[in-house]
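J.: Chains as they are written, first to last, in the UniProt record's numbering: chain F, 1 to 157; chain D, 1 to 157.
Cβ atoms here follow ideal geometry from the backbone N, Cα and C, with glycine treated the same way.
Once you've had a glance at the structure underneath, I'll fire off some questions.
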DNA sequence: CTCCTCGGTTGGAATTGCCAATCTAGGCAG
DNA sequence: CTGCCTAGATTGGCAATTCCAACCGAGGAG
């Protein structure tokens, strides 16, 4: 089953979730950000059923999150590997947001399993809201407000 | 059906997705961030089946994302409303990340439906990675690396 | 040739979600 | 009091999705 059309929801959050909200999708992307590329790596590390993995890789590849490449290991036949595209790598923001939320709200007693760091250092990296000048904005100060294409209005919290 | 235990995955992303990855969960939180609080508001605005909405509100309330309050409109009996807790409001980061990704990667021809703005202004707000000093870090420079509790290591991308 | 592995596919059971119909507590009108 | 209305669910039956175990097939190894 390959998703050929993206449902055209007005809301970009809804559109994102149509693609990424299926079970395992974001975890596959997370593992790809950790450097995994092979079918067996995803299957063994995540425990995702192989039929689901086939389906998700097809959907995410069709959506331009992954691209499929051929590779050949010495003494083995040609196989497929799955590499994040620029579009896929830009999901890093979503995954770090989920990671920070989980670390703060459902902490694991043994400590953190994954950290966001600046390349070539051990400096921690966090997500923050910034305005157009680059100045930080407190999360409390951020409002989700109706945009030009909104058909309804709402009272932002 | 009320989720009483959070599966204890090592990875905080996995734990977050166990709670938030069910269909409709994040869209309910999105609408709550737009100011909705009542069962009928969520049901009518999202089109979510009422049995699913009952289940999601129960799960999210048990997880501390929502809190249930009684309210009474004139000439009506007491009813329940659902308000985001601090924990729930901190999901704003996740939702803005999904919104930005959707706006950039699956744009809707009619324009954006929702914008992130600084309170009391029309200044756009964006998500950015920052280090501990507050300096911005390019997304390409951010690595997801194994933390102290990691049982495996990986090659970060 | 046979055996083996990787990357799937297939069939069937279990789970989850969807939809329409129904239920229930309380308010209100007569 | 009786009957009717509404919000907020609950229920039953069906559809879609996911899970699991078994199988397949192309190619390399022996």
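My output table needs one value for residue 118 of chain D: the three-state DSSP class, helix, strand or coil.
T.: If you number the second chain from 1, residue 118 of chain D lands on position 118. Looking at residue 118 of chain D - three-state DSSP - the assignment turns out to be strand.
J.: Strictly by DSSP, which residues pair up with residue 125 of chain D?
T.: Residue mapping note: residue 125 of chain D aligns to position 125 of the second chain, counting from 1. Residue 125 of chain D pairs with F:131.
J.: Strictly below 8 Å CB to CB, what residues from chain D border residue 146 of chain F?
T.: The residue you call residue 146 of chain F lines up with position 146 of the first chain. By Cβ distance, chain D contributes 113, 114, 115.
J.: In terms of alpha-carbon separation, which member of D:109, D:128, D:69, D:24 lies closest to residue 158 of chain D?
T.: With chain D represented from 1 up to 157, any question about residue 158 of chain D goes unanswered, as that position is not in the structure.
J.: Using only the alpha-carbon positions, how far apart do residue 128 of chain D and residue 142 of chain D sit?
T.: Numbered from 1 along the second chain, position 128 holds the residue referred to as residue 128 of chain D. Numbered from 1 along the second chain, position 142 holds the residue referred to as residue 142 of chain D. The alpha-carbon atoms of residue 128 of chain D and residue 142 of chain D are separated by roughly 11 Å.
J.: Less than 8 Å between the CB atoms is what I'm expecting for residue 84 of chain F and residue 45 of chain F, so what's the real figure, rounded?
T.: Sequence index remark: in the first chain, residue 84 of chain F carries index 84 (1-based). Sequence index remark: in the first chain, residue 45 of chain F carries index 45 (1-based). Not quite, the Cβ-Cβ distance comes to about 16 Å (not below 8 Å), so this is no contact.
J.: Just to confirm the assignment, what range does the alpha helix (DSSP H) spanning residue 14 of chain D have?
T.: The residue given as residue 14 of chain D occupies position 14 in the second chain. It spans 12-20 - the alpha helix (DSSP H) in which residue 14 of chain D sits, taken as one unbroken run.
J.: Please confirm whether residue 48 of chain F has its beta-carbon closer than 8 Å to some beta-carbon of chain D.
T.: The residue labelled residue 48 of chain F in the question sits at position 48 within the first chain. Cβ-Cβ to chain D under 8 Å: no for residue 48 of chain F.
J.: For residue 71 of chain F, return the contacting residues in chain D, with the cut-off set at a CB-CB distance below 7 Å.
T.: As a working note, residue 71 of chain F is residue 71 in the first chain. Chain order gives no chain D residues near residue 71 of chain F, where near means a beta carbon separation below 7 Å; the closest approach is about 16 Å.
J.: Inspect the CB distances between the stretch 68-83 of chain F and the stretch 140-156 of chain F and report whether three or more fall short of 8 Å.
T.: no
J.: Residue range of the beta strand (DSSP E) that residue 145 of chain F falls in?
T.: Looking up residue 145 of chain F in the first chain gives position 145. Note, residue 145 of chain F: beta strand (DSSP E), 142-146.
J.: Who are the near neighbours of residue 10 of chain F in its chain, counting only those whose CB is closer than 6 Å to its CB and skipping five residues on each side?
T.: For the purposes of this step, residue 10 of chain F is taken as the residue at position 10 of the first chain. Contacts found: none.
J.: On the DSSP bridge list, what partners appear for residue 84 of chain D?
T.: Your numbering for residue 84 of chain D matches position 84 in the second chain. In the DSSP output, where bridge partners are listed per residue, residue 84 of chain D has D:66.
J.: Could you give the distance in angstroms between the alpha-carbon of residue 113 of chain D and the alpha-carbon of residue 88 of chain D?
T.: Looking up residue 113 of chain D in the second chain gives position 113. Looking up residue 88 of chain D in the second chain gives position 88. Each residue's alpha carbon lies about 22 Å from the other.
J.: Quick one: list the residues of chain F neighbouring residue 23 of chain D, beta-carbon separation under 8 Å, in chain order.
T.: Within the second chain, residue 23 of chain D is the residue found at index 23, counting from 1. Those are 21, listed as they occur along chain F.
J.: Just to confirm my understanding: we take residue 161 of chain F, look at its own chain, exclude 5 residues before and 5 after, and list those with CB closer than 7 Å. What are they?
T.: Here chain F has residues from 1 to 157 only, and residue 161 of chain F is not among them.
J.: Residue 30 of chain D and residue 28 of chain F look like a contact to me (Cβ under 8 Å); what is the Cβ gap, rounded to whole Å?
T.: Reading the second chain from its first residue, position 30 is the one you call residue 30 of chain D. Reading the first chain from its first residue, position 28 is the one you call residue 28 of chain F. About 23 Å separates the two Cβ atoms, so there is no contact after all.
J.: Considering only residues of the same chain and omitting the five flanking positions on each side of residue 52 of chain F, which have a CB-CB separation below 8 Å?
T.: Within the first chain, numbered from 1, the residue matching residue 52 of chain F stands at position 52. Once the five neighbours on either side are set aside, the close Cβ partners of residue 52 of chain F are 23, 24.
J.: Quick check on the burial criterion: 16 or more other C-beta atoms within 10 angstroms. Buried or exposed for residue 116 of chain D?
T.: Here residue 116 of chain D refers to the residue found at position 116 when the second chain is read from its first residue. Buried, by the Cβ-count rule.
J.: Which residue comes first and which comes last in the alpha helix (DSSP H) that contains residue 98 of chain D?
T.: Along the second chain, read from residue 1 onward, the residue named residue 98 of chain D stands at position 98. Residue 98 of chain D -> alpha helix (DSSP H) spans 92-105.
J.: Residue 79 of chain D by DSSP, collapsed to three states: which one?
T.: By one-based count along the second chain, residue 79 of chain D stands at place 79. Strand, per DSSP.
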